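S.K.:
Residue numbers (the working numbering): 168 to 379.
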């Protein structure tokens with residue numbers, strides 16, 4: 168699929184953008200010379216407006232995902248500076264260089280044992296939107312790794328948490344039809360716990376099935 172995305176630019180402002188997950192600033196990202204972006208592949212855009220004498224606009228993040236397979240479940244897109252995830256110094260999803268802590272089956276210090284929070288853009292994209300649902304949700308939030316010994320297994324479980332840092336105290340979307348909640352403080356993305364193929368498990372299904 169190929170299509171154009173048009174971004175409105177206020178008169179007197181300049182539009183800067185990134186595609187590597189980092190936040191656009193006056194010194195980071197590309198300056199757009201037009202308003203149209205031609206989408207030909209899976210890509211994440213972060214846009215921001217700047218104008219002399221005014222504060223920068225909030226960052227607008229959008230993920231465009233090529234349907235290269237049959238997505239039967241909603242798609243979650245996490246967009247952030249790669250250093251927040253895999254940076255050896257403070258990335259939350261790597262062993263790191265000793266800034267973390269031991270435990271959960273690890274003798275040495277590892278970053279993924281830390282409950283560090285990192286800023287991300289969280290997007291929830293439904294393939295078949297429910298009735299009276301937009302089928303799409305995006306919000307700035309905090310991400311942290313979660314779990315016990317399952318932190319050793321990739322992919323790792325993580326939490327998405329609404330934060331007052333972004334003036335948003337909840338995730339205002341009904342993610343689960345069977346639950347009567349239109350707002351959520353935290354979402355857990357779980358890797359199946361100890362029912363993991365690398366741990367002799369059957370495929371990450373036992374844990375959610377038993378809980379249900």
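Backbone N, C-alpha and C define an ideal beta-carbon position, used for all residues, glycine too.
As the structure is a computational prediction, the values presented were derived from the model and not from experiment.
Does the count of Cβ pairs from the region 324-335 and the region 348-366 closer than 8 Å reach three?
M.R.: A contact exists between the region 324-335 and the region 348-366.
S.K.: Are the Cβ atoms of residue 245 and residue 255 separated by less than 8 Å?
M.R.: In the chain shown, counting from the first residue as 1, residue 245 sits at position 78. In the chain shown, counting from the first residue as 1, residue 255 sits at position 88. Going by C-beta atoms, residue 245 is not nearer than 8 Å to residue 255.
S.K.: In chain order, which beta strand (DSSP E) runs of at least 3 residues are fully inside the region 287-335?
M.R.: The region 287-335 contains these whole beta strand (DSSP E) runs: 303-312 and 325-328.
S.K.: Beta-carbon separation of residue 251 and residue 259 under 8 Å?
M.R.: The residue given as residue 251 occupies position 84 in the chain shown. The residue given as residue 259 occupies position 92 in the chain shown. The answer is yes: Cβ separation under 8 Å.
S.K.: What three-state label does DSSP hand residue 181 in the structure shown?
M.R.: The sequence position of residue 181 within the chain shown is 14, counting from 1. Reduced to three states, the DSSP call for residue 181 is strand.
S.K.: Rounded to the nearest angstrom, what separates residue 285 and residue 292 at their Cα positions?
M.R.: The sequence position of residue 285 within the chain shown is 118, counting from 1. The sequence position of residue 292 within the chain shown is 125, counting from 1. Computed Cα separation, rounded: 21 Å.
S.K.: For residue 300 and residue 269, I'd like the C-alpha separation in whole angstroms.
M.R.: As a first step, residue 300 is located in the chain shown; it is residue number 133 there, counting from the start. As a first step, residue 269 is located in the chain shown; it is residue number 102 there, counting from the start. Distance between the alpha carbons of residue 300 and residue 269 is about 44 Å.
S.K.: Label residue 294 either buried or exposed according to how many other C-beta atoms from any shown protein chain fall within 10 Å of its C-beta, with 16 as the threshold for buried.
M.R.: Numbered from 1 along the chain shown, position 127 holds the residue referred to as residue 294. So residue 294 ends up on the exposed side.
S.K.: Can you give the Cα-Cα distance for residue 273 and residue 308, rounded to whole angstroms?
M.R.: One-based indexing of the chain shown puts residue 273 at position 106. One-based indexing of the chain shown puts residue 308 at position 141. Spanning the two alpha carbons is a distance of roughly 29 Å.
S.K.: Name, in chain order, the residues that DSSP records as bridge partners for residue 244.
M.R.: Position 77 of the chain shown, counted from the start, is the residue given in the question as residue 244. Per DSSP, 290.
S.K.: Where does residue 343 land, buried or exposed, given buried means 16+ other C-beta within 10 angstroms?
M.R.: For this step, residue 343 is matched to residue 176 along the chain shown. Exposed, because fewer than 16 other Cβ atoms sit within 10 Å of the Cβ of residue 343.
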